[in-house]
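Colleague: Residues 1 to 444 (UniProt numbering) make up the sequence shown, in order.
We put the CB at the ideal spot given by N, CA and C, even for glycine.
Shown below is the structure under consideration.
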Amino acid sequence: MARPVLLLGTASTAARGVMTAARSLSVPVHLAVQRGGEEQVAHGLLGQCAGTVLTDFRRPAQAVGRLAEYCARQGIGGVAAEGECLAPLAAAVAAALGLPGHPPGRAADVRDRWRMVQSLLGHGVPVPRTLAVLSPRAAEARCRAAGLDFPVVVRPAQSWGAAGAAVVPSARELPEAVRRVLEPREDADYGIALAPVALVQEYVEGPEYRVESVLRAGCCVHLVMLRSLSEDGPVRRAAGYTLPAGLPGATALAVLAAVERGLAALGLRDGLVHTALRMTAAGPKLLTVGIAAPEEPVGQLIEYATGVSTARVYVQAVLGERPEIRPHGLRPSALRYITTSGHGVFQGLRGLLASPYVANVRSYLDPGSRVGGRQENPTGDVRTRVGHVTVTADDPDQADVRAAEALAAISTHVGAAVAGADRDAPPSRPHVPLTPIERQRLEE
Numbered sequence: 001m002a003r004p005v006l007l008l009g010t011a012s013t014a015a016r017g018v019m020t021a022a023r024s025l026s027v028p029v030h031l032a033v034q035r036g037g038e039e040q041v042a043h044g045l046l047g048q049c050a051g052t053v054l055t056d057f058r059r060p061a062q063a064v065g066r067l068a069e070y071c072a073r074q075g076i077g078g079v080a081a082e083g084e085c086l087a088p089l090a091a092a093v094a095a096a097l098g099l100p101g102h103p104p105g106r107a108a109d110v111r112d113r114w115r116m117v118q119s120l121l122g123h124g125v126p127v128p129r130t131l132a133v134l135s136p137r138a139a140e141a142r143c144r145a146a147g148l149d150f151p152v153v154v155r156p157a158q159s160w161g162a163a164g165a166a167v168v169p170s171a172r173e174l175p176e177a178v179r180r181v182l183e184p185r186e187d188a189d190y191g192i193a194l195a196p197v198a199l200v201q202e203y204v205e206g207p208e209y210r211v212e213s214v215l216r217a218g219c220c221v222h223l224v225m226l227r228s229l230s231e232d233g234p235v236r237r238a239a240g241y242t243l244p245a246g247l248p249g250a251t252a253l254a255v256l257a258a259v260e261r262g263l264a265a266l267g268l269r270d271g272l273v274h275t276a277l278r279m280t281a282a283g284p285k286l287l288t289v290g291i292a293a294p295e296e297p298v299g300q301l302i303e304y305a306t307g308v309s310t311a312r313v314y315v316q317a318v319l320g321e322r323p324e325i326r327p328h329g330l331r332p333s334a335l336r337y338i339t340t341s342g343h344g345v346f347q348g349l350r351g352l353l354a355s356p357y358v359a360n361v362r363s364y365l366d367p368g369s370r371v372g373g374r375q376e377n378p379t380g381d382v383r384t385r386v387g388h389v390t391v392t393a394d395d396p397d398q399a400d401v402r403a404a405e406a407l408a409a410i411s412t413h414v415g416a417a418v419a420g421a422d423r424d425a426p427p428s429r430p431h432v433p434l435t436p437i438e439r440q441r442l443e444e
């Protein structure tokens with residue numbers, strides 16, 4: 001029987017993807033659950049797992065010891081993380097047990113963008129020019145001294161994807177943008193404190209791409225390259241992806257070579273890696289690197305297009321097994337996120353296309369859920385991601401057109417908030433109370 005995997009965290013859809021993939025591989029999964037957050041475990045995950053352990057992700061030193069002891073007792077063969085915030089802890093637990101994974105210090109570098117930029121620069125990997133700022137008043141002078149022209153991008157040093165990032169058009173808006181980023185922040189799912197450091201980066205022009213790669217004992221194999229689309233406006237958040245990216249051969253090779261140099265510079269070793277970069281007139285520049293479990297929407301897009309399950313690859317990678325990466329073909333596909341600027345009570349999605357090329361439509365919220373209110377994004381962005389749609393096509397351009405048509409046909413309906421409701425409360429998630437059996441399993 002396959003050795004089990006310990007999955008840290010259950011807050012995102014990535015956890016469900018890992019559970020489904022592990023089940024298809026006959027790999028038992030144990031869950032590490034945040035102490036005090038038992039009621040937030042996605043319904044059904046506890047019933048599928050082979051065991052659970054409670055810990056406090058906010059105290060990583062104590063958590064490593066507790067989780068390593070649990071893993072040794074249960075014969076765990078690999079440690080996975082459902083989100084980037086928990087990836088350094090997963091690396092530390094794996095290292096304590098001698099299991100496959102990334103070196104803990106290197107995983108911590110990836111979590112902190114400033115440290116990541118310094119590692120990449122030290123190995124000659126092109127990245128946006130970046131300043132670390134601790135004071136709003138010092139930001140403009142630092143930019144002027146560094147010769148950093150506007151617009152610039154301001155973001156938290158510890159963030160994932162485009163979370164918290166905003167394009168700042170001029171020096172006048174810079175202090176307020178930095179002040180927002182420097183406000184005390186913590187991870188929304190687990191309460192992990194995030195460093196009060198703002199990064200000011202050059203605004204990089206050019207199309208953006210995302211490369212999915214798998215590392216085994218430091219050897220890199222690329223799975224797919226996706227073309228990334230960003231939302232309009234000051235917030236640089238992904239609007240969707242198209243696969244294949246449609247780059248000419250020489251340009252694609254340059255992108256992949258830049259990714260390989262970046263991963264080698266960061267010293268990453270075992271796992272699935274997501275790299276975002278922009279192609280500039282001077283060549284590719286790396287933006288971000290992620291090492292946690294793949295997000296479910298992107299994983300589904302890749303599976304529709306190639307037949308390769310990135311969640312299965314991730315499980316196999318953390319176990320140190322040879323991953324199944326041979327594609328079954330290539331069917332051009334596109335993913336677009338559904339968003340709303342409404343504030344109130346989510347009533348649902350309407351106008352869904354009944355079409356043979358719409359492969360998947362998903363709502364992230366149940367009717368009756370709150371939407372809007374306080375945002376994780378310190379830029380004050382009011383848009384909330386409420387779902388996604390995936391389409392297939394004969395070529396990437398057709399996929400873009402079909403995705404735009406499908407998205408235009410879908411409308412989000414948000415009703416007025418209940419009088420007296422907390423307008424600063426975070427958007428609610430679908431919540432189902434734990435069953436007696438699930439609660440008993442957590443308390444064992």
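Can you have a look at Ala406 and say buried or exposed, based on whether 16 or more other CB atoms are within 10 angstroms of its CB?
Modeller: The residue is buried, with at least 16 neighbouring Cβ atoms inside 10 Å.
Colleague: How many angstroms separate the CA atom of Ser213 from the CA atom of Arg73?
Modeller: Looking at the two C-alpha atoms, the distance is approximately 32 Å.
Colleague: Using a Cβ distance threshold of 8 Å, determine whether the segment 201-210 contacts the segment 172-179, with at least three qualifying pairs required.
Modeller: Because the criterion of three Cβ pairs below 8 Å is not met, the segment 201-210 and the segment 172-179 do not touch.
Colleague: Going by other Cβ atoms of all chains shown within 10 Å of its Cβ, with 16 needed for buried, is Ser355 buried or exposed?
Modeller: With fewer than 16 Cβ atoms within 10 Å of its Cβ, Ser355 is classed as exposed.
Colleague: If the criterion is Cβ atoms closer than 9 Å, does the pair Val33 and Ala2 meet it?
Modeller: Taking 9 Å as the Cβ cut-off, Val33 and Ala2 do not qualify as a contacting pair.
Colleague: Is Pro28 helix, strand or coil when you go by DSSP?
Modeller: In this structure, Pro28 counts as coil in the three-state DSSP scheme.
Colleague: Going by DSSP, what residues sit across from Glu202 in a beta bridge?
Modeller: Bridge partners of Glu202: Val152.
Colleague: Which of helix, strand or coil does DSSP assign to Tyr304?
Modeller: Three-state result, Tyr304: helix.
Colleague: Can you tell me whether Leu229 sits near the ligand NAD, meaning its C-beta is under 8 Å from at least one heavy atom of the ligand?
Modeller: The model on display carries no ligand, and the ligand NAD is accordingly not part of it.
Colleague: To the nearest angstrom, how far is it from the Cα of Gln201 to the Cα of Ser24?
Modeller: Gln201 and Ser24: Cα-Cα distance of roughly 42 Å.
Colleague: When the Cα of Leu170 is compared with those of Pro184, Glu183, Ala139 and Gln158, which residue comes out closest?
Modeller: Per the sequence presented here, residue 170 reads as Ser, with Leu not at that position. The shortest C-alpha separation from Ser170 is found at Ala139.
Colleague: Say whether the segment 300-314 touches the segment 279-287, bearing in mind that this needs 3 or more beta-carbon pairs closer than 8 Å, one atom from each stretch.
Modeller: They do not touch, by the three-pair rule.
Colleague: For residue 456 and Ala257, what's the separation of their Cα atoms in angstroms?
Modeller: The structure shown does not extend to residue 456, since the chain spans only 1 to 444, so no value can be given for it.
Colleague: Is Ala293 buried or exposed, if buried means 16 or more other CB atoms sit within 10 Å of its CB?
Modeller: Buried is the call here.
Colleague: Quick one: using the 10 Å Cβ neighbour count with 16 as the cut-off for buried, is Gln62 buried or exposed?
Modeller: Looking at its Cβ environment, which holds fewer than 16 other Cβ atoms inside 10 Å, Gln62 is exposed.
Colleague: Given a cut-off of 9 Å, decide if Leu7 and Glu30 are closer than it, judged by their beta-carbon atoms.
Modeller: Sequence inspection shows His at residue 30; the Glu mentioned does not correspond to that position. The answer is yes: Cβ separation under 9 Å.
Colleague: Here's the rule: buried if 16 or more other CB atoms are within 10 angstroms of the residue's CB, otherwise exposed. What is Val289?
Modeller: Classification for Val289: buried.
Colleague: Determine the extent of the beta strand (DSSP E) in which Glu208 is found, giving its start and end residues.
Modeller: Looking at the DSSP string, the run of the beta strand (DSSP E) that includes Glu208 is Glu208 to Arg216.
Colleague: Of all the alpha helix (DSSP H) runs that stay within the bounds of the segment 299-353, which reach a length of 4 or more residues?
Modeller: Runs found: 310-318.
Colleague: If I measure Cβ to Cβ from Gly17 and keep anything under 6 Å in the same chain, skipping five residues before and after, which residues do I get?
Modeller: Only Glu296, Gly299 and Ala311 meet the Cβ criterion.
Colleague: Threshold first: 3 residues or longer. Then list the beta strand (DSSP E) segments lying entirely within the segment 159-193, N to C.
Modeller: Here the runs fully enclosed are 166-168.
Colleague: Please work out which residues of its chain come closer than 6 Å, Cβ to Cβ, to Ser363, disregarding the five sequence neighbours upstream and downstream, and give them in chain order.
Modeller: Within the same chain, Ser363 has close Cβ partners Leu349 and Gly387.
Colleague: Among Met19, Gly218, Cys85 and Gln158, whose alpha-carbon lies nearest the alpha-carbon of Gln48?
Modeller: Here the closest residue by C-alpha is Met19.
Colleague: Which same chain residues, not among the five before or five after Val93, have their C-beta less than 6 Å away from its C-beta?
Modeller: Closer than 6 Å at Cβ, skipping near neighbours: Val64, Leu67, Ala68 and Val79.
Colleague: Hey, could you find the ends of the beta strand (DSSP E) Pro284 is sitting in?
Modeller: Gly283 to Gly290 is the extent of the beta strand (DSSP E) around Pro284.
Colleague: Quick check on Leu18: does DSSP put it in helix, strand or coil?
Modeller: According to the sequence shown, residue 18 is Val rather than Leu. It is helical.
Colleague: Can you give the beta carbon distance from Ala141 to Val197, rounded, assuming they're within the 8 Å contact cut?
Modeller: With 8 Å as the limit, Ala141 and Val197 do not qualify as a contact, their Cβ atoms being about 17 Å apart.
Colleague: Between Cys85, Gly124, Gly122 and Met279, which lies nearest to Asp189 when the distance is taken from Cα to Cα?
Modeller: That would be Cys85, whose Cα lies nearest to the Cα of Asp189.
Colleague: Considering only the beta carbon of each residue, do Thr384 and Gly368 sit closer than 9 Å?
Modeller: The answer is no: Cβ separation not under 9 Å.
Colleague: Does Gly147 pass the burial test, meaning 16 or more other C-beta atoms within 10 Å, or should it be called exposed?
Modeller: Gly147 is exposed by the Cβ-count criterion.
Colleague: Hey, would you say Leu335 sits closer than 9 Å to Gly246, going by beta carbons?
Modeller: Taking 9 Å as the Cβ cut-off, Leu335 and Gly246 do not qualify as a contacting pair.
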